[in-house]
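Undergrad:
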Amino acid sequence: MKNLLTLKTWPAGDVDRLLHQAEESASSRTNRLCGDLTVANLFFEPSTRTKSSFEMAQKRLGLASLCLDASASSVQKGESLYDTAKTMEAIGCDALVIRHPERAFYEQLSGLNIPIVNAGDGSGDHPTQSLLDLLTIKQEFGQFKNVHVVIAGDIKHSRVARTNIEILNRLGAHVSLTGPEKWLDDSTGAEQILSMDEAAEQADVLMLTRVQTERHQGEDLYTKADYHRKFGLTLKREKRMKRDAIIMHPAPVNRGAEIAGALVEAERSRIFKQMQNGVHVRKAVLQHVLELENATIDNALV
Amino acid sequence: MKNLLTLKTWPAGDVDRLLHQAEESASSRTNRLCGDLTVANLFFEPSTRTKSSFEMAQKRLGLASLCLDASASSVQKGESLYDTAKTMEAIGCDALVIRHPERAFYEQLSGLNIPIVNAGDGSGDHPTQSLLDLLTIKQEFGQFKNVHVVIAGDIKHSRVARTNIEILNRLGAHVSLTGPEKWLDDSTGAEQILSMDEAAEQADVLMLTRVQTERHQGEDLYTKADYHRKFGLTLKREKRMKRDAIIMHPAPVNRGAEIAGALVEAERSRIFKQMQNGVHVRKAVLQHVLELENATIDNALV
Amino acid sequence: MKNLLTLKTWPAGDVDRLLHQAEESASSRTNRLCGDLTVANLFFEPSTRTKSSFEMAQKRLGLASLCLDASASSVQKGESLYDTAKTMEAIGCDALVIRHPERAFYEQLSGLNIPIVNAGDGSGDHPTQSLLDLLTIKQEFGQFKNVHVVIAGDIKHSRVARTNIEILNRLGAHVSLTGPEKWLDDSTGAEQILSMDEAAEQADVLMLTRVQTERHQGEDLYTKADYHRKFGLTLKREKRMKRDAIIMHPAPVNRGAEIAGALVEAERSRIFKQMQNGVHVRKAVLQHVLELENATIDNALV
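Residue numbers (the numbering used here), protein chains in the order written: chain A, 567 to 868; chain B, 567 to 868; chain C, 567 to 868.
1. Check residue 803/A in the structure and name its three-state DSSP category.
2. Examine chain B for any beta-carbon lying closer than 8 Å to the beta-carbon of residue 614/C, and answer yes or no.
3. Are the C-beta atoms of residue 767/A and some chain C residue less than 8 Å apart?
4. What does residue 646/C touch in chain B if you count any residue whose Cβ is under 8 Å from its own?
5. Does the pairing of the segment 846–858 of chain B with the segment 669–684 of chain C give three or more beta-carbon distances under 8 Å?
6. Keeping to the same chain, check which residues put their C-beta closer than 7 Å to that of residue 568/B; ignore five residues upstream and five downstream.
7. Determine, for residue 629/B, whether the minimum Cβ-Cβ distance to residues of chain A falls below 8 Å.
8. For residue 865/A, which three-state DSSP category applies?
9. Could you give the uninterrupted runs of the beta strand (DSSP E) lying entirely in the segment 724–755 of chain B, keeping only those of 3 residues or more?
10. Please state if the CB of residue 668/A and the CB of residue 688/A are separated by a distance shorter than 8 Å.
11. Would you report the Cα separation of residue 844/B and residue 764/A, rounded to the nearest angstrom?
12. Is it buried or exposed, residue 725/C, if we count other Cβ atoms within 10 angstroms and call 16 or more buried?
13. Let's test the definition: count the other Cβ atoms within 10 Å of the Cβ of residue 828/A and tell me whether it reaches 16, buried, or not, exposed.
14. Would you call residue 833/A buried or exposed, if buried means 16 or more other Cβ atoms sit within 10 Å of its Cβ?
15. What residues of chain B sit near residue 657/C, judged by a beta carbon separation below 8 Å?
16. Kindly give me the distance between the Cβ atoms of residue 718/B and residue 772/B, rounded to whole angstroms, as I take these residues to be in contact under 8 Å.
17. Quick check: is the beta carbon of residue 818/A nearer than 8 Å to any beta carbon in chain B?
18. From residue 588/B to residue 707/B, what distance separates their C-alpha atoms?
19. Mind checking if residue 838/A is an interface residue toward chain B, Cβ cutoff 8 Å exclusive?
20. Check the Cβ of residue 625/B against every Cβ in chain C and list those closer than 7 Å, keeping chain order.
21. Tell me the DSSP bridge mates of residue 758/B?
22. CA-CA distance, residue 795/B and residue 787/B?
23. Using the Cβ count rule (16 or more neighbours within 10 Å means buried), how would you classify residue 831/A?
24. Taking C-alpha atoms, which residue in 789/B, 814/B, 820/B, 737/B lies nearest to residue 576/B?
25. Helix, strand or coil for residue 610/A per DSSP?
26. For residue 578/C and residue 710/C, what's the separation of their Cα atoms in angstroms?
27. Report yes if the CB atom of residue 696/A is closer than 8 Å to the CB atom of residue 570/A, and no otherwise.
28. By the DSSP assignment, the alpha helix (DSSP H) with residue 665/A in it spans what residues?
29. Which value, in whole angstroms, describes the spacing of the CA atoms of residue 849/A and residue 633/A?
30. Say whether chain B places a C-beta atom closer than 8 Å to the C-beta of residue 857/C.
31. Between residue 744/B and residue 647/A, what straight-line distance do the alpha-carbon atoms span, to the nearest angstrom?
32. Does any C-beta atom of chain B lie closer than 8 Å to the C-beta of residue 568/A?
33. How would you write the range of the beta strand (DSSP E) that residue 777/A sits in, first residue to last?
34. Using the Cβ count rule (16 or more neighbours within 10 Å means buried), how would you classify residue 757/C?
35. Which residues does DSSP list as the beta-bridge partners of residue 583/C?
36. Count the other C-beta atoms from every protein chain shown that fall within 10 angstroms of the C-beta of residue 673/B, then say buried if there are 16 or more, exposed otherwise.
Laid out in structure tokens, this is it:
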């Protein structure tokens, strides 16, 4: 059985195959597949774009969706994640998409007989976000080799940042970091640390991260304006970026903190493109774990 | 691109065309249309009937629906309405239906490239409610000219009442008001003010409004019984209504306040008919903004 | 018009016909039916499995679902259950599935012209849960006559337990009870009371119930370990069960209270099988109330 739990254990060849699949998916709006399969989306944390993106991917593939709102569920009666997931299997779901605040939550779910897609495990991982980031870079540069990616901001609390460092290195990109010193994860190793000014000038890809204020309660925080001036992408810094360099951000964006509001839709910004790619990547992931063939069916009348 | 933001700027001819479309829609239960379009419903305020009515209209048109529950979304992370809406556009939604507490919220959304349907903007407007009210009157009297509509109650806090006054006047109806003096909006101009006794006797259409207790916190309120006696449609007042006069109310109803509980389903009540019409009107509005042709497809087997 | 409000008034023959229908449904994964019908699911209490199970049954039958989340609805504005239900009828729903905390809530809804399925009425009844329990027993023993069913635990607060006692007796099963004395309902009559040790040894079906902690606030409760030792199915007690005896539980399970965690998926446990059966039974109930014929349509391409 296939899952998507973490990219850390995925060979580069498999990542590449999945990105290829996602690119194909991007070129056709609809490719409904045979079958009558149902995917349950279990979100135990708030989410707009990830949840909606998975739902859209399911619609585009002709999959039925069951959406479980954790706040209105038996989870309130203290049911374990395993029992909730096993219930969804028992009632006939064919795969589960799960977001859960607990790191590596999926380790509790090895007893399931249906595929699991990790839609974010606390401060752990968020593999479909990483894949959509990779797709966006690949679309732009055709490859990862020698592309200079600078990841900016709150690396320590960002599940995506840490996964991206690891996999981008594996795929041949050159990864640097920038941001407040205490938020640069020392476990990430040999990368180069840049000032935000240097980052703006040297990056092919300036990958901003959201300041995850809800995850570092109680720490000594910068004011928004302060953060922006020291570590954000200001209008001035953007002007010094390379001609073909792009801006990325997983969103939701704190306008005026990580990035000046006016740059969110700048010509070099790929922020909304990333969201588009999210649907393509999730279609590819669902096809992968459900082992759906790539045959597409024209269904203009359905 | 077509939107439905407010009826105030709609020419009477366009309103008429839309009502005509809605009447056609009313005569066929299903008229699924070609295509594979998705509409996102973004409700930032509680709603039963408006949200369900839009969802039903989408089902009847064969549109896929994405429903975003604002309480379980990135809105909690402080995302702007624009960024949320732009996200839904990026993931491939073809139109947005939005209810939001902020008046004229849609003015923030002029950068979108997909149609927006206003499903209620705070105490501003609620155009599909107005349209379903108009449809209900047109079905009854065949026209608006010389129909005497009395709008009763909390005019000041009712987004629908103020829009209806304006558009009914434009369409040739005769509009009067009744209700507590402090809730009669002085900005509405030249209308006649009636007592509730006069209103019951003179109206062709007695259009009750809900006492919006959640919107006038802190004001000096009437008790329910008090309000009913002074300004509500009592059993006794109903007996003095004209033979063909009808009762309307946008619901939810406060039984025993605006209207005696026993009158909610009286023969002359069109309250549940209005809800039926809501689906027809919303189908017509979605067809309008999505520029769907009116061709219907028989799909008994789908 | 057909409803499913309570099994107490259903003749044994009708129960049998419905179980037969559910067994047929179990043998085919998909049996979409003609038509274009919409069912609204109105859940005024938290639920994972019942709500998801109904939704899955609707998908399998090709019915459209409208899901009303009571916490985000006009119910917050004080609307009566009747008005909410009537609204769903007015907008075109073909049947309502309702869970509501008030016992016999459906008595308020006799004015509706569409079928109602009771998905749990407070501490009253939960007929589809009873039906899935019956189906599970029938699948195992082929009949009810002389099957010894021991219902264990919180009989007093369990809507299902009391319904099951009545109907199992009517169908010819032998019903005993076990559990804390104060939770054994004295209204249930002539059944045999067993200790948990006796129950484990004598039962063909050991039907555990959930300790409904949220329904007996303020009572003197056992600790989890205490309850388990005195009244729960421990590993040791399970060893003394008859060779073909089965374990049932409506879930969600309090692991380590009613049942040792390791027994939830024991060979003789039918807990997840019950959930599977829930979908079959709900398909049969929806077919029954909507008077859908049993013709199935192959729709591999939809």
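Each residue gets a CB set at the ideal place from its N, CA and C atoms; glycine is no exception.
TA: This is what the structure holds:
1. Translated into positions along the first sequence, residue 803/A becomes position 237. It is helical.
2. As a working note, residue 614/C is residue 48 in the third sequence. Chain B, which has no Cβ nearer than 8 Å to the Cβ of residue 614/C, makes this no.
3. Here residue 767/A is taken as the residue at index 201 of the first sequence, counted from 1. Not one chain C Cβ lies under 8 Å of residue 767/A.
4. Sequence index remark: in the third sequence, residue 646/C carries index 80 (1-based). Under the 8 Å cutoff, chain B gives 821.
5. no
6. In the second sequence, the residue the question calls residue 568/B occupies position 2. The residues are 681, 854, 855, 857.
7. Locating residue 629/B in the second sequence gives position 63, where the first residue counts as 1. Not one chain A Cβ lies under 8 Å of residue 629/B.
8. As a first step, residue 865/A is located in the first sequence; it is residue number 299 there, counting from the start. Caution applies to residue 865/A, whose pLDDT of 37 falls short of 50 and renders its modelled position unreliable; the model cannot decide the point.
9. 740–744
10. Counting from 1 along the first sequence, the entry for residue 688/A is found at position 122. Counting from 1 along the first sequence, the entry for residue 668/A is found at position 102. Result yes, Cβ atoms of residue 688/A and residue 668/A sit closer than 8 Å.
11. Stepping through the second sequence from its first residue, residue 844/B is reached at position 278. Stepping through the first sequence from its first residue, residue 764/A is reached at position 198. Using only the alpha carbons, I get a separation of about 58 Å.
12. Here residue 725/C corresponds to residue number 159 of the third sequence, with the count starting at 1. Residue 725/C is buried by the Cβ-count criterion.
13. Walking along the first sequence from the start, residue 828/A turns up at place 262. Exposed, by the Cβ-count rule.
14. On the first sequence, residue 833/A is found 267 positions in, with the first residue counted as 1. Residue 833/A should be labelled exposed.
15. Numbered from its first residue, the third sequence carries residue 657/C at position 91. Under the 8 Å cutoff, chain B gives 615, 618, 619, 622, 841, 842, 844, 845.
16. The residue given as residue 718/B occupies position 152 in the second sequence. The residue given as residue 772/B occupies position 206 in the second sequence. Their Cβ separation, rounded to whole angstroms, is 6 Å, which keeps residue 718/B and residue 772/B in contact under 8 Å.
17. Numbered from 1 along the first sequence, position 252 holds the residue referred to as residue 818/A. At least one chain B Cβ lies under 8 Å of residue 818/A.
18. By one-based count along the second sequence, residue 588/B stands at place 22. By one-based count along the second sequence, residue 707/B stands at place 141. Going from the Cα of residue 588/B to the Cα of residue 707/B covers about 16 Å.
19. Residue numbering aside, residue 838/A sits at position 272 when the first sequence is read from its first letter. Judged by the 8 Å Cβ criterion, residue 838/A is in contact with chain B.
20. For this step, residue 625/B is matched to residue 59 along the second sequence. Those within 7 Å of residue 625/B in chain C are 604, 630.
21. To locate residue 758/B, count along the second sequence from 1; it is residue 192. Beta-bridge pairing links residue 758/B to 742/B.
22. The residue labelled residue 795/B in the question sits at position 229 within the second sequence. The residue labelled residue 787/B in the question sits at position 221 within the second sequence. So the alpha carbons of these two residues sit roughly 14 Å apart.
23. Mapped onto the first sequence, residue 831/A falls at position 265. Label assigned to residue 831/A: exposed.
24. Start at 1 with the first residue of the second sequence, and residue 576/B comes out as number 10. Closest by alpha carbon: 737/B.
25. Mapped onto the first sequence, residue 610/A falls at position 44. Residue state, collapsed to three classes: coil.
26. Your numbering for residue 578/C matches position 12 in the third sequence. Your numbering for residue 710/C matches position 144 in the third sequence. Computed Cα separation, rounded: 11 Å.
27. Here residue 696/A corresponds to residue number 130 of the first sequence, with the count starting at 1. Here residue 570/A corresponds to residue number 4 of the first sequence, with the count starting at 1. Their beta carbons are not under 8 Å apart, which means residue 696/A does not touch residue 570/A by this criterion.
28. For this step, residue 665/A is matched to residue 99 along the first sequence. No alpha helix (DSSP H) contains residue 665/A, which is instead part of the beta strand (DSSP E) from 661–666.
29. Residue mapping note: residue 849/A aligns to position 283 of the first sequence, counting from 1. Residue mapping note: residue 633/A aligns to position 67 of the first sequence, counting from 1. About 17 Å.
30. As a position in the third sequence, residue 857/C is number 291, starting the count at 1. Chain B, which has no Cβ nearer than 8 Å to the Cβ of residue 857/C, makes this no.
31. Position 178 of the second sequence, counting from 1, holds the residue named residue 744/B. Position 81 of the first sequence, counting from 1, holds the residue named residue 647/A. Their backbone Cα atoms lie some 56 Å apart in a straight line.
32. Your numbering for residue 568/A matches position 2 in the first sequence. Not one chain B Cβ lies under 8 Å of residue 568/A.
33. As a position in the first sequence, residue 777/A is number 211, starting the count at 1. Looking at the DSSP string, residue 777/A is not in any beta strand (DSSP E), and its letter there is neither H nor E.
34. On the third sequence, position 191 is the one that residue 757/C refers to. Buried: at least 16 other Cβ atoms inside 10 Å.
35. Here residue 583/C corresponds to residue number 17 of the third sequence, with the count starting at 1. Paired residue(s): none; residue 583/C is not in a bridge.
36. Translated into positions along the second sequence, residue 673/B becomes position 107. Residue 673/B is exposed by the Cβ-count criterion.
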